[in-house]
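Take a look at the structure set out below.
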Amino acid sequence: MMEPVYYTVKSIDGDYAHLISDSGVENQVAMFLLPEGTTVGSRLVREILAWNLV
24 MMEPVYYTVK SIDGDYAHLI SDSGVENQVA MFLLPEGTTV GSRLVREILA WNLV
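Okay, here's the thing in structure tokens:
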């Protein structure tokens, strides 16, 4: 089972969000995969291949 990973949205560049995990790992994710209402500064959790706002 995958452990939840927490991210903060650093920036949004067009169709992509630039995220940083609490452990410092950077990630780029297509906006259509993220929950509606995601903005710069949003806190997200990725669990079981799904993204949710915290």
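Just so you know, we're using this note's numbering here: the sequence shown kicks off at 24 and counts up by one. Each residue gets a CB set at the ideal place from its N, CA and C atoms; glycine is no exception. In this text, all values refer to a predicted model and were calculated from it rather than measured experimentally.
_So the candidates are Ile71, Asn75 and Asp36; which of them puts its Cα closest to the Cα of Ser65?_
Comparing alpha carbon positions, the residue from Ile71, Asn75 and Asp36 closest to Ser65 is Asn75.
- Which residue comes first and which comes last in the beta strand (DSSP E) that contains Thr31? Where Thr31 is concerned, the enclosing beta strand (DSSP E) stretches over Val28 to Asp36.
_Distance check for Leu67 and Val77, CA to CA, integer angstroms please._
Straight-line spacing of the CA atoms in Val77 and Leu67 works out to 5 Å.
| field | Straight-line gap, Tyr29 to Gly37 (C-alpha atoms, nearest Å) | value | Between Tyr29 and Gly37, the C-alpha separation is close to 22 Å.
On a Cα-Cα basis, can you pick out the residue from Phe55, Ile35 and Thr31 that is closest to Met48?
Note that residue 48 corresponds to Val in the displayed sequence, not to Met. Comparing Cα-Cα distances from Val48 to each of Phe55, Ile35 and Thr31, the minimum goes to Thr31.
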